[in-house]
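Its first residue numbered 105, the sequence shown is counted upward by one per residue in the working numbering.
Quick reminder that beta carbons are idealized off the backbone N, C-alpha and C, glycines included.
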Amino acid sequence: MPRPQAIDLPQDRSPRLGTSPVIDRRPAAKIRTAVHRARAWSKEGLLERAFTTLFSGLVYPQIWEDPVVDLAALELGPDKRMITIASGGCNVISYLTADPREIIAVDLNAHHVALTRLKLAGAKHFPNYATYFRFFGRANDSANIK
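This is the structure:
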């Protein structure tokens, strides 16, 4: 399977992330519920709380898995629906190249869903790949603030 070289989103479709158009602004409570199991002052409890503190911001802004393997195994197409972890949005965007009927991206970390939405908006609205890459690949480029 050849590697996709650029993102080409159909103009008549808007990718949908999550089951609601609203990002849940209470991610910390969900992360705590999912992770905190041990007593707070135990060794395990302290490690759990350190993890949730670190996980409260962007943790996976870029993903390094090879989506070509996923695309081949999933056999995505116009009749398929899927759910995936949002993470940095990289896999979601790669899966869109197969033009599935629906992708639902979820994540305990609302920052990851927001970053995925931002990457999709960039793919839809930036004039070319060079602009997209500069914005996401070279964040400190002064041209990004124009």
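Check	Outcome
Stretch-stretch touch, CB-based, cutoff 8 Å, three pairs: the segment 204-212 with the segment 235-243	no
Rounded Cβ spacing between Phe-159 and Asn-195 (contact assumed at less than 8 Å)	Going by Cβ atoms, the distance from Phe-159 to Asn-195 rounds to 19 Å, so no, they are not a contact pair.
Member of Ile-135, Arg-205, Lys-184 whose CA lies at the smallest distance from the CA of Gly-161	Ile-135
Residue from Asp-183, Ile-187, Lys-184, Ile-167 whose Cα sits closest to the Cα of Lys-223	Ile-167
Euclidean distance between Cα positions of Leu-180 and Ile-187	12 Å
Unbroken alpha helix (DSSP H) run spanning Glu-148, endpoints	147-158
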